[in-house]
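Letter by letter, the sequence shown follows residues 260 to 706 of our numbering.
Some notes on the structure that comes next.
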Amino acid sequence: MLYSVKKKPKPRNLLKKNAIGVIIPDGNHPLSPMHMSSGSCEIVTKLQKSGFDAFLVGGCVRDALLGLNPKDFDIATNANPKEIKLLFNRAKIIGRRFQIVHVQLNREIIEVTTFRSNQKHHRSDHLRHQTKTGMLTRDNVFGSIKDDANRRDLSINALYYNPSDNSIHDFLDSLTDIKKNIIRIVGDPTVRFKEDPVRLLRVVRFSTKLNFKIDKKTAEPMHRLANTLQQIPAPRLFEECLKLFLGGHAYANYKLLVKYNFMSYLMPFFAESKVEADRAKRLVSKLLTNTDQRVHAGKPVTPAFTFAALLWPAVQKESLKHMRNGKTVQILKMLAADGVISKQIQIIAIPRRYTTAMKEIWQLQGPLQKKERAARLMGHPRFRAAYDLLLLREESGESLGGAGIWWTKYQEQYPQNRLNNCKTPKAISPNISRRRRYFLPKFKDGS
Ligand code: ATP
Ligand code: MG
């Protein structure tokens, strides 16, 4: 860790304090331009040479201080979007709610943002708009660098780094929070969460990613504000859920999402599932710990499988509901899958390519349990994911007649079938129809 907690902080009087905050000069912190991408430093330099202020900001400064590899490099400047666009050949203004400029340099795309202000401008509704509940639906009022720091989400995300003189600008005592491993929202927590409820999820995500403690005042209103998650547009929530569940800290995130009652709003189906609730919890904890292990081992993880497994208890519950209405098993499974998906995508906009795969994973559960048509099933594009779900179900206590072990042995015996080879090993599955190669299996009984 570059900036360890044990390291003695520099006495404040050694640091330059000016009207715009504390400046930590070269030599008094562990950063150097080497920690940033060359493209981002080049853009900062060009903006500065053109007479503007420009800094690297947010996640890249935070992560570099903590000895982590920054995911991306964001720049903040007092140049407005049009001025930024004019300076660079390959620049595009994007977004309406929050206008930013994407500057492309070689293969890097870097977000350049004009300093924003949080101050209410009564005459600039077209620039900054807030709903009655306090949610910001437009945030394009520009301001000073200090205003910009104050409108950022967390103190640890509000540090500015100038690669030209290797200085850090700290307006909110962010370095202390980094040293003390604290997640603190900037400003009044209730107001800031209401402005943008995604911040509730970001607090959870950064606390698990960095293993930082959530400050008491920040945590205080979080449970109470869980219902504001309903205001987040579904596509934005999908992006955020990918980071929560596929980012390598899914299980820790899940525990906090349950603690603050966020899960009830993200996946109401899952939370409602009182039927066999303990088993559902076991399934989710196994799923998410496995996912984390895969991410840390550099193995691929897929949103379709994760969402299919997370929502499996809901599909089962929904099937039971339809069963009471006397539907056939095949229709019943379809209805359950469609019902769960159509409600879920209103909250989290899971793209169709994933929901189609999720349905296939669910629909393969019955045939996998029956161990029929083994070679064909193994050739199905979703076989692996469906088998993984079957194992998870068994491991979490569902009694499936040893289907998981059976399939594990079968794959060891006939590894060649995995390559979409649909030939049937007669000893295992003699009654296969030759007409359908890839198929969505029909359900004949209550499996
Ligand atoms: P990472 O990219 O590693 O997930 P990050 O902190 O860079 O972390 P981004 O989503 O890339 O996160 O956002 C860049 C910066 O923009 C943040 O560091 C923060 O300063 C600011 N920011 C992002 N989302 C919000 C928000 N909802 N409200 C206020 N500021 C935000
Ligand atoms: Mg970032």
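Glycine is no exception: its CB is placed at the ideal position from the N, C-alpha and C atoms.
With the rule of 3 Cβ pairs closer than 8 Å, the segment 562-578 counts as touching the segment 545-552. Proximity of the beta carbon of Gly318 to ligand 2 is indicated: a heavy atom of the ligand is located closer than 6 Å. Contact check for Phe374 against Ile343 fails: the beta carbons are separated by 7 Å or more. In terms of side-chain proximity, the C-beta atom of Asp331 is found nearer than 6 Å to a non-hydrogen atom of ligand 2. For the 7 Å CB-CB criterion, Ala596 and Ile620 do not form a contact. Counting only runs of at least 4 residues, the segment 518-562 fully encloses the following alpha helix (DSSP H) elements, listed from N- to C-terminal order: 522-525, 527-531 and 536-555. Look at Asn416: its beta carbon is less than 6 Å from one of the heavy atoms in ligand 1.
DSSP places Gly663 outside any beta strand (DSSP E); the residue lies instead in the alpha helix (DSSP H), whose first and last residues are Ala662 to Gln672. Straight-line measurement puts the Cα of Arg612 at about 21 Å from the Cα of Met637.
For Ala485, no alpha helix (DSSP H) run applies, since DSSP gives it neither H nor E. Scanning its chain for C-beta atoms nearer than 7 Å, with the 5 sequence neighbours on each side dropped, one finds around Thr304 the residues Ser423, in chain order. Restricting attention to Phe430, Ser291, Gly402 and Val554, the CA atom closest to the CA of Ser414 is found in Phe430. In this structure, Arg458 and Asp412 form a Cβ contact; the two beta carbons are roughly 5 Å apart against a cut-off of 8 Å. By the neighbour-count definition (other C-beta atoms within 10 Å, threshold 16), Gln603 is a buried residue. Distances from the CB of Arg411 to the heavy atoms of ligand 1 include at least one below 6 Å.
In the structure shown, Ile368 adopts extended strand secondary structure according to DSSP, grouped into three states. Of the candidates Gly446, Phe314, Arg495 and Ala511, Ala511 places its Cα closest to the Cα of Lys472. Looking at the backbone, the Cα of Phe521 and that of Asp647 are separated by about 27 Å.
Minimum Cα-Cα distance from Leu503 among the listed residues Val554, Gly663 and Pro527 corresponds to Val554.
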